[in-house]
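Heads up, my numbering is the position in the sequence shown plus 577, with the first residue counted as 1. For each residue, glycine too, the CB sits at the ideal point set by N, CA and C. Comments concern the structure below.
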Amino acid sequence: MIDRHLNKLSRPLLDRIDLTVEVKRLPLAEILSREPEESSKVIRERVQQAQKVQNRRFMGSGILYNSQIPASCMGEFCSLEPEAEKTLQDAFERLELSVRGYYRTVRVARTIADLEHSKPIRRTHIVESLIYRGLDRKLWEL
């Protein structure tokens with residue numbers, strides 16, 4: 578039933594959503610046997626550190642967050658390692674990303690890199706960013 582409603586969303590609308598993740602229900606046995614996860618406090622601290630990195634990066638530019646980086650400034654703020662660039666180019670072709678989807682992928686990868694304290698965007702950051710675009714690709718396969 579959910580698929581029927583989600584399938585009505587247009588590709589251009591989905592392109593405006595940065596992160597789409599399907600969360601499946603865990604079996605009770607897995608919930609009960611799991612070790613403690615990272616605490617909210619630790620996650621909050623990591624996010625705050627990433628925000629400080631962004632504040633320093635964008636100082637005086639009028640940009641506050643990675644999501645606001647204009648396409649014209651990608652080269653300045655989003656340095657990709659060669660392997661990351663190749664992965665992104667391959668994904669652009671194979672997944673038929675729009676230009677908007679391409680830049681959103683880079684912006685999300687920049688944020689992932691910031692959370693990992695990485696100056697350049699690495700292949701793993703691009704791959705993770707593409708995974709977060711999974712729901713919109715899934716819908717177009719229905």
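Coarse secondary structure for residue i, derived from DSSP in three states
i    : result
I703 : helix
I640 : coil
I698 : strand
L603 : coil
L665 : helix
L596 : coil
L674 : coil
Contact belief for residue i with residue j at Cβ below 8 Å, rounded distance in angstroms
i    : j    : result
A686 : I703 : 5 Å
T682 : S706 : 5 Å
Whether residue i touches residue j by CB criterion (9 Å)
i    : j    : result
C655 : R684 : yes
L631 : Y642 : Position check: residue 631 holds Gln in this sequence, whereas Leu was assumed. Yes, Cβ-Cβ distance for Q631 and Y642 is below 9 Å.
A668 : I698 : no
L665 : Y679 : yes
E658 : R621 : no
T597 : R677 : no
T688 : S644 : yes
I'd like to know if the segment 597 to 609 and the segment 667 to 675 are in contact, where contact means that at least 3 CB-CB pairs between them fall below 8 Å. They do not touch, by the three-pair rule.
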